[in-house]
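Undergrad: Residue numbers (numbering that gives the first Met the number 0): 0 to 556.
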Amino acid sequence: MAWKESFEKGVTYFKYGNLVEALAHMNQAVELRNDNFTIYDSRAAVHEKLGNHKAALLDSKRVIELGPDRWQGYARSARLFTVLKKYSSSIKMADLALNRLRPDDAQRRTPLVELREQAITAQAAAEKRRLSHISKTSYLLGKLPVEILVQIFDILVSDDSTLVVRLSHICGHWRRIVFDSPSLWRTLVLSNKHPLRKVKVWKQGAKNRIASLSLSVPPLDAPSVLSELEDLSWEHLLSLRTSGKAFFDLHEMLSDISMLHVLSNLCELSLYDCASPDQLQCFLSGPDWKLRSLHLDGVIYISDKWWQHIHQLTELHICFLLASFSMRPLEANPSLERFVLDLSQPMYINENYNGTTPIPMNKLRSIELRNIANPFSLLRAITAPSITSFHLFNARSGVEEALLHITGPSLAELCVGNCGLDQGIMITVLSRAPNLENLQINSIHGVANEVLQFLARNNPSPDLPHGPSPGLPCPALKRVDVSRCSDLSTSSTYAFVKSRLQCGSEQSGSTETCSILESLKVDGCPDIDPDLLPWFRSKVTRFSCVYMTKKDLKRGR
């Protein structure tokens, strides 16, 4: 039996590690006898040792074909598939091998079980790596419909209009979507950084349909920029922000191209640095304006004649006004919902009010007054029963009267700072505001302690009015800021926070209900005990106590 002699020589060479000679004799044995699974199994072992995994698998397959009921071919296939990282096939071969072993053959069964467990573990790790790689490299957004991608981009661009350029640089797919979606380019902000180049890019993306324009370019660039803007589809412009000088130049340019009606069709207009009344002469002529929001910053003079054409406002901001203010803007805009007046310095206005019928401002929700020497002189001329937010800063007199006049059950936010204020009046105001959520008292002496004691339902002095009963005053209160009230004490702050914690708690057995205190600021209050700061921080979600800023420290030096 010549095959047997070759086979035995191959086995001998294999035992001594001479794998090349072993493989040669095994090949010879296969040529002489090709139907013996033992020869194929032995040659598979030689191939496995040599690293010829594919050849070893082919021999193992032949072993299984010749001896399907024997375990050897399955076991070797399981090992080889593990080396080749074919873990599913390895597990399958291991199971087939285990099924063909006797239950009591622990010597052979144990290594196979371990091999199977290793394959399962390696398979799980490989799957984890695969998913991680997919998450890092796969372009999942590419599977979304274009309409959804545009909506996502629109949300990003609404916060920062310049992001549309970055989005177009991500990939070719995004660039095509961005330049095929004019709505993403609806806001154009021009500054001193390459304004002319930016106009050309935005015109391409917006298809000449700009809805919001902010024009703040250097004087030397203004003529070329306006020339490039001439062929815009001006009918789509709804919002404009620019300086007084640029507004005058834009008015002249639109007049030259017979598009002057565009300005009166604006919904939002913001003007700043209006150094000359002549720059705003367009308000005095032409059709009625459709403005809903008007911001005037740094205006020297406001003419009462303007308001003959502006009477649909819902929002009016006048900041750093250098001259007097009349009541004509409020009279002309009964639908006003938000009103901000910030004078350049404390100034008396409307002092000659003669007590005629107040202006009804039934839709007015928010008032912010800064640097009004006597705010009551303005507020007494209006009735605003639906006020939800009132800000008053830097007033000299009439503060108590203003607060009593404007406060009502609808008030949700009250912010007062740098004003002379009586503690009793402030407590009276708070007792009238059951829906108050945000309270701010800044840089006022002799008020904060009494207010916090009142809100805690404590009365440190018998001459102060008692809080409403039953329940805590202002049960909806969530945010309190008493920063820079230098006399604020730890005891008042502690009593206030503790009362809000106890309100409605099951442990206290109280049936009262009040909102959770979300924020408390006591910055610039030197009498707050630092030992109690950890307790305050543990009880209030956002607690701030900054004793002194770097700016204050430098000022002290």
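All residues carry an ideal CB built from backbone N, CA and C; glycine is no exception.
#1: With 16 other CB atoms within 10 Å as the buried threshold, where does A43 fall?
#2: Quick one: Cα of A455 to Cα of L420, how far?
#3: How would you label A274, buried or exposed, when you count the other beta carbons within 10 angstroms and need 16 or more for buried?
#4: Tell me, which residues are paired with G416 by DSSP?
#5: State the beta-bridge partners of D296 as determined by DSSP.
#6: Since M92 is in the alpha helix (DSSP H), which residue starts that stretch and which ends it?
#7: How big is the Cα-Cα spacing for I301 and Q501?
#8: By Cβ distance, which residues of its chain are closer than 6 Å to L65, with the 5 residues on each side in sequence left out?
#9: When you compare only the Cα positions, how much space is there between V270 and S238?
#10: Give me the residue from D248, L31, A77, W70 with the minimum Cα distance to E47.
#11: According to the neighbour-count rule (16 or more other Cβ atoms, all chains shown, within 10 Å of its Cβ), is A21 buried or exposed?
#12: Excluding the 5 residues preceding and the 5 following E412 in the sequence, name in chain order all residues of the same chain whose CB lies nearer than 6 Å to its CB.
#13: Which residues in the same chain have their Cβ closer than 8 Å to the Cβ of S334, if we skip the five residues on either side of it in sequence?
#14: Which residue from V539, L391, T382 puts its Cα closest to that of V339?
#15: What residue ranges within the segment 328-355 form continuous alpha helix (DSSP H) runs of no fewer than 4 residues, ordered along the chain?
#16: Comparing C-alpha positions only, which one of C170, K192, S89, S213 sits nearest to W184?
#17: Please list, in chain order, all residues of the same chain as L225 whose beta carbon is under 8 Å from its beta carbon, the five residues on each side excluded.
#18: Taking L476 as the reference, which of L368, S430, I169, D530 has the closest Cα?
#19: Using only alpha-carbon positions, find the residue among S242, P286, S323, V112 that is nearest to I309.
#20: Among L293, W306, W70, which has the Cα closest to the Cα of R107?
#21: Under the assumption that M360 contacts L329 (Cβ atoms under 8 Å), give the Cβ distance between them as a whole number of angstroms.
#22: Taking Cβ positions, are S518 and R541 nearer each other than 8 Å?
#23: Quick check: the Cα distance between D272 and F319, rounded to an integer number of angstroms?
#24: Specify the secondary structure class of L312 as computed by DSSP and reduced to three states.
#25: If we cut at 8 Å on Cβ distances, does R185 have a partner in chain D?
TA: Well, looking at it:
#1: Burial of A43 is indicated by the presence of at least 16 other C-beta atoms within 10 angstroms of its C-beta.
#2: A455 and L420: Cα-Cα distance of roughly 20 Å.
#3: Classification of A274: exposed, given that the 10 Å Cβ count is below 16.
#4: G416 is bridged to F392, N441.
#5: Note: D296 sits in a beta bridge opposite Y271, C318.
#6: If you look at M92, you'll find it in the alpha helix (DSSP H) that goes 86-98.
#7: Between I301 and Q501, the C-alpha separation is close to 53 Å.
#8: Only F36 meet the Cβ criterion.
#9: Reading off the sequence, residue 270 comes out as Leu, not Val. Rounded to whole angstroms, the gap between the alpha carbons of L270 and S238 is 11 Å.
#10: The candidate whose alpha carbon is nearest that of E47 is A77.
#11: Label assigned to A21: buried.
#12: Excluding sequence neighbours, E412 sits near S388, N437.
#13: Closer than 8 Å at Cβ, skipping near neighbours: Q311, L312, T313, K362.
#14: It is L391 whose Cα lies nearest to the Cα of V339.
#15: The qualifying runs do not exist here; there are none.
#16: For W184, the nearest C-alpha among the options comes from S213.
#17: Closer than 8 Å at the Cβ level, and outside the excluded window around L225, lie D248, L249, M252.
#18: Of the listed residues, the one whose Cα sits closest to L476 is S430.
#19: Of S242, P286, S323, V112, the residue nearest in Cα terms is P286.
#20: Here the closest residue by C-alpha is W70.
#21: M360 to L329, Cβ: 7 Å. Contact.
#22: Yes, they are a contact pair.
#23: Distance between the alpha carbons of D272 and F319: 10 Å.
#24: Reduced to three states, the DSSP call for L312 is coil.
#25: No chain D appears in this structure, which consists of one protein chain only.
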